[in-house]
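Here is the structure we will look at.
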Amino acid sequence: MNLEFNTSLIKGYKSTSQIARVLTEDWFARNMYCPICGEESIQRAEPNAPVKDYVCERCKSQYELKSKNTSSDDFQSKVADGVYKTMIQRITSLDNPSFFFLHYDNYKVNNLIIVPKCFFTPAVIDKRKALSNNARRAGWEGCNIIMKNIPSTAKIPIVINGKSVSKDIVVTQYNKVFTLQTKSVESRGWIMDILNLVERMNESFSLNQIYSFADELKLKHPYNNHIKDKIRQQLQVLRDKGFLEFLGNGNYKKSRIKRKFQARICDKLLTCCLGSIIYTNILRTKEFTTF
91 MNLEFNTSLI
101 KGYKSTSQIA
111 RVLTEDWFAR
121 NMYCPICGEE
131 SIQRAEPNAP
141 VKDYVCERCK
151 SQYELKSKNT
161 SSDDFQSKVA
171 DGVYKTMIQR
181 ITSLDNPSFF
191 FLHYDNYKVN
201 NLIIVPKCFF
211 TPAVIDKRKA
221 LSNNARRAGW
231 EGCNIIMKNI
241 PSTAKIPIVI
251 NGKSVSKDIV
261 VTQYNKVFTL
271 QTKSVESRGW
281 IMDILNLVER
291 MNESFSLNQI
301 YSFADELKLK
311 HPYNNHIKDK
321 IRQQLQVLRD
331 KGFLEFLGNG
341 NYKKSRIKRK
351 FQARICDKLL
361 TCCLGSIIYT
371 NILRTKEFTT
381 F
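Residue numbers for the sequence shown follow the numbering used here, so the first one is 91 and each next one is one higher.
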């Protein structure tokens, strides 16, 4: 994967937004594969398609790209998007795209992640203040994607600090995470809430530790009168999908599958940058907490 932008394309452009669009669209056309089926390239969607930038012609998966000019590897902040109402309609119809989030600096891709579509619910979309009556688009309401509300497990790395991850690893991890896809937005919300809580736990934890967040979950799901039952149900889903190991007596352990995946990423980076601070930091955290 060539991480350099083709700067010859921006001669004559002055608008920073147009420059970013031209560079990132060209880079995606030349380098990005489908992380679901592994198809060598993905195609631009039809012009002005709502909440959709790219389509895989092979598996018909849809994608949207959000890019930012920054050297940071932190994908925890807000990301501006389009019309709030359109975004909510797309994600609640369950026909929403998966999202690429790209950071670039000095005309080169630094970090790129993919978040599967099953991790988008109204809880990760924040409505921005409507434009004032004096604005050219008075009353227009945009939205932000709240990245911190998306579990780290769902932020699958494709490029990490200027080093690309093997396509086979990305496709494997995407399809592993996508097993958490559900048939309703409500179910999406529950699995995301419990997964976020699990990520706050140590490697091994107890059911009672998760129960301690029952009041927090009640605020998010005020009409559910069986919070603890729902907690157990979602932990069972995570266990059945291979994200947790049940140790008995109400005790759980985070899956070895995830740890093996992370080890493979670390090995890949070690080959590329032995002795660098990048590899040291990943080993120290043992989790992709920056994503």
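Using N, Cα and C, we set each Cβ at its ideal position, and we do this for glycine too. Note that the coordinates shown come from a computational prediction; the quantities given were computed from them, not determined experimentally.
Counterpart residues of S294 in DSSP-defined beta bridges: K343
CA-to-CA distance, D319 to M122, given in whole angstroms: 42 Å
F333 versus Y144 - alpha carbon distance: 29 Å
Cβ-Cβ distance between F191 and M237 below 9 Å: yes
Host alpha helix (DSSP H) of S277 (start-end): 275-289
Reduced DSSP secondary structure (H/G/I, E/B, other) of S222: coil
From F118, K142, R290, residue whose alpha carbon lies closest to that of I181: K142
Exposure label - P312; buried when at least 16 CB within 10 Å: exposed
Closer than 9 Å to chain B by CB, C233: The structure shown contains no chain B; it is built from a single protein chain.
For I235, the first and last residue of its enclosing alpha helix (DSSP H): Unbroken run through I235 is the beta strand (DSSP E), 232-236; no alpha helix (DSSP H).
Given K344 as reference, the closest of L307, L287, H316, L309 once Cα atoms are compared: L287
Proximity below 9 Å, CB of M282 to CB of A244: yes
Cβ-Cβ separation, V173 to G232 (assumed contact under 8 Å), whole Å: 6 Å
Residue of A119, Y301, K104, K101 minimising C-alpha distance to E129: A119
Secondary structure of V267, DSSP reduced to three states: helix
Residue span of the alpha helix (DSSP H) that contains F333, given as start and end: F333 -> no alpha helix (DSSP H), and no H or E assigned at all.
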